[in-house]
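Accompanying notes for the structure given below.
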Amino acid sequence: MSLQGPSPLEDASSPPWKTDIVENPVIQNSRYAFTHYNSEWLTFHQQLIQKHFLQLLHISDYSCLDQLLPPPSDDENLAFNRHDPGRIKITPNDFHINLLHSCRMPFNTEAICVFAKDFNRKVEESKWYSFPTPPPAHFLQLEYIELSLYLHLHYVKDVYTNLKKSEEMHCTRLRRATHSTHKTRVHHRLYLHALPYLTCPKLYTSRADCVTNDDELIVHNDLIQLIGSQGVSSDELDTDSNGHKVYLIIPPAWRSEELANLMCTIDSMIISNHWPRVGHRSVRGQEPRHQVPSNLINEDAVAPLGLPLNCYKGSWLTSLLPNKRQKLNAWADKWYNFESGKTEVVVPPHAGATLPVMQTDNENSDDTSIKLEDNDGNTESGVEDFTTQLSLDED
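Every letter in the sequence shown is one number past the one before it in UniProt numbering, and letter 291, counting from 1, is 291.
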């Protein structure tokens with residue numbers, strides 16, 4: 001089959017990923033045809049497709065594919081093809097895909113279409129993946145999104161197949177562990193240690209949706225997107241208290257007080273939204289965890305890169321080595337306004353002023369303010385509530 005036109009995506013009769021794409025006799029493979037004419041997509045669009053696909057599956061990476069629900073049985077596939085009332089329904093909140101069969105089967109075809117529409121809606125309406133620069137408009141066409149996911153599924157299916165091959169060996173190791181009390185306890189401790197990282201994508205999605213759907217918090221949408229799933233979460237350790245599970249909030253050491261207050265506000269909004277309104281039934285789904293503040297600090301948490309300066313705690317920045325501070329790539333000349341949601345300069349520039357520098361009154365003082373020095377050596381106070389001993393000089 002030969003398609004007419006400069007691009008294999010211009011055939012409007014049917015989605016390009018549902019046919020064999022052949023641009024000319026030299027190009028005989030659909031994957032090569034797409035990548036040959038869309039080299040920019042390989043470096044930018046595919047990363048967004050992979051990130052959004054992981055979020056819909058509620059997993060952190062593809063090594064967790066074995067945690068997904070089993071693929072539909074033959075009876076379930078038949079019921080789906082016949083559009084029975086009790087068939088499996090694929091939605092962005094309850095996303096399913098069959099990695100054991102072809103992507104052209106009706107079940108996977110529906111999943112790809114649902115993914116494309118949700119990706120397009122999140123980018124255009126909710127401004128996901130639009131910071132610092134939004135994706136080009138031609139990358140948001142449904143045909144582009146469907147084809148990109150279709151090609152990406154080749155890699156995902158290979159990973160899933162390899163995981164299935166080792167699943168039997170993994171089950172054998174788990175059965176042996178259950179015969180030993182010591183091994184069982186070790187496995188439980190490892191699971192509790194990894195639990196915050198396994199729940200990061202789902203926690204990030206709930207917080208991102210809360211910010212997007214709230215008229216007051218939507219100004220912080222770009223900041224939440226920049227922080228990512230690893231930065232918005234706080235490690236939680238479950239323990240038994242009077243027979244009930246209690247989750248102790250252990251915030252990361254790098255997070256500033258202003259950013260921590262914003263995260264607490266978002267958490268409170270999520271809990272408030274889950275409460276039933278007067279005269280209505282309870283909201284479906286699992287209730288939010290009962291979180292209890294603690295004095296513990298997670299010193300091992302990895303800080304996200306490239307945040308405005310006041311998103312990091314001053315004492316934590318001071319404790320970093322110069323090379324690690326440079327790798328952090330913090331916006332030394334930018335200050336995030338947690339009220340307006342805008343990124344501003346640390347000190348408003350004016351005539352005769354030099355670059356803002358960090359100054360302290362004495363070496364033993366814990367308070368440091370950002371001051372502006374003019375040509376006469378006089379200083380003018382800038383942001384007064386930033387308390388740290390951080391020096392931003394390059395040397």
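Glycine included, C-beta positions come from ideal geometry on N, C-alpha and C.
All figures in this text were calculated on a predicted structure; none of them were measured in a lab.
Burial state of residue i (16 or more Cβ within 10 Å)
{"i": "Tyr336", "result": "buried"}
{"i": "Pro293", "result": "exposed"}
{"i": "Lys342", "result": "exposed"}
{"i": "Ala111", "result": "buried"}
{"i": "Ala137", "result": "exposed"}
{"i": "Gln225", "result": "buried"}
{"i": "Pro72", "result": "buried"}
{"i": "Asp215", "result": "exposed"}
{"i": "Asp162", "result": "Note that residue 162 corresponds to Asn in the displayed sequence, not to Asp. The residue in question, Asn162, is exposed, as its Cβ has fewer than 16 Cβ neighbours within 10 Å."}
{"i": "Asn329", "result": "exposed"}
{"i": "Leu262", "result": "buried"}
{"i": "Asn98", "result": "buried"}
{"i": "Asp267", "result": "buried"}
Backbone secondary structure at residue i - three-state DSSP
{"i": "Pro293", "result": "strand"}
{"i": "Leu248", "result": "strand"}
{"i": "Lys334", "result": "strand"}
{"i": "Arg87", "result": "coil"}
{"i": "Val156", "result": "helix"}
{"i": "Pro106", "result": "helix"}
{"i": "Trp257", "result": "As written in the sequence, residue 257 is Glu, which differs from the Trp given in the question. Of the three classes helix, strand and coil, the one that applies to Glu257 here is helix, per DSSP."}
{"i": "Thr318", "result": "helix"}
{"i": "Thr133", "result": "coil"}
{"i": "Val345", "result": "strand"}
{"i": "Asn81", "result": "helix"}
{"i": "Asn298", "result": "strand"}
Cα-Cα separation between residue i and residue j, rounded to whole angstroms
{"i": "Gly306", "j": "Tyr312", "result": "10 Å"}
{"i": "Lys117", "j": "Asp84", "result": "23 Å"}
{"i": "Gly86", "j": "Leu78", "result": "11 Å"}
{"i": "Pro92", "j": "Tyr204", "result": "15 Å"}
{"i": "Ala301", "j": "Gly228", "result": "14 Å"}
{"i": "Asn120", "j": "Gln141", "result": "8 Å"}
{"i": "Gly382", "j": "Val345", "result": "Residue confidence for Gly382 is low, a pLDDT of 38 falling below 50, so the modelled location carries little weight; the figure read from the coordinates is stated next. For Gly382 and Val345, the distance between alpha carbons rounds to 10 Å."}
{"i": "Tyr160", "j": "Leu100", "result": "8 Å"}
{"i": "Gln326", "j": "Lys334", "result": "15 Å"}
{"i": "Asp222", "j": "Val211", "result": "10 Å"}
{"i": "Asp158", "j": "Trp316", "result": "42 Å"}
{"i": "Leu54", "j": "Ser60", "result": "7 Å"}
{"i": "Ser130", "j": "Leu153", "result": "24 Å"}
{"i": "Thr109", "j": "Met169", "result": "32 Å"}
{"i": "Leu151", "j": "Ser102", "result": "12 Å"}
{"i": "Lys245", "j": "His274", "result": "19 Å"}
{"i": "Arg82", "j": "Ser126", "result": "34 Å"}
{"i": "Leu321", "j": "Asp74", "result": "58 Å"}
{"i": "Phe338", "j": "Gln47", "result": "29 Å"}
{"i": "Gly314", "j": "Met105", "result": "55 Å"}
{"i": "Thr265", "j": "Trp128", "result": "21 Å"}
{"i": "Glu258", "j": "Leu69", "result": "39 Å"}
{"i": "Asn213", "j": "Gln291", "result": "23 Å"}
{"i": "Lys165", "j": "Asn323", "result": "43 Å"}
{"i": "Asp209", "j": "Arg173", "result": "39 Å"}
{"i": "Cys64", "j": "Lys51", "result": "14 Å"}
Proximity below 8 Å, CB of residue i to CB of residue j
{"i": "Glu146", "j": "Cys171", "result": "no"}
{"i": "Phe107", "j": "Phe139", "result": "no"}
{"i": "Ile299", "j": "Ala260", "result": "Reading off the sequence shown, one finds Glu at residue 299, where the question assumed Ile. Cβ atoms of Glu299 and Ala260: not closer than 8 Å."}
{"i": "Leu248", "j": "Leu217", "result": "no"}
{"i": "Ser256", "j": "Asn310", "result": "yes"}
{"i": "Pro308", "j": "Gln230", "result": "no"}
{"i": "Ile49", "j": "Leu149", "result": "yes"}
{"i": "Glu76", "j": "Ile88", "result": "yes"}
{"i": "Pro134", "j": "His45", "result": "no"}
{"i": "Val123", "j": "Tyr62", "result": "no"}
{"i": "Asp66", "j": "Glu167", "result": "yes"}
{"i": "Phe115", "j": "Leu57", "result": "no"}
{"i": "Ile270", "j": "Ser206", "result": "yes"}
{"i": "Val219", "j": "Ser340", "result": "yes"}
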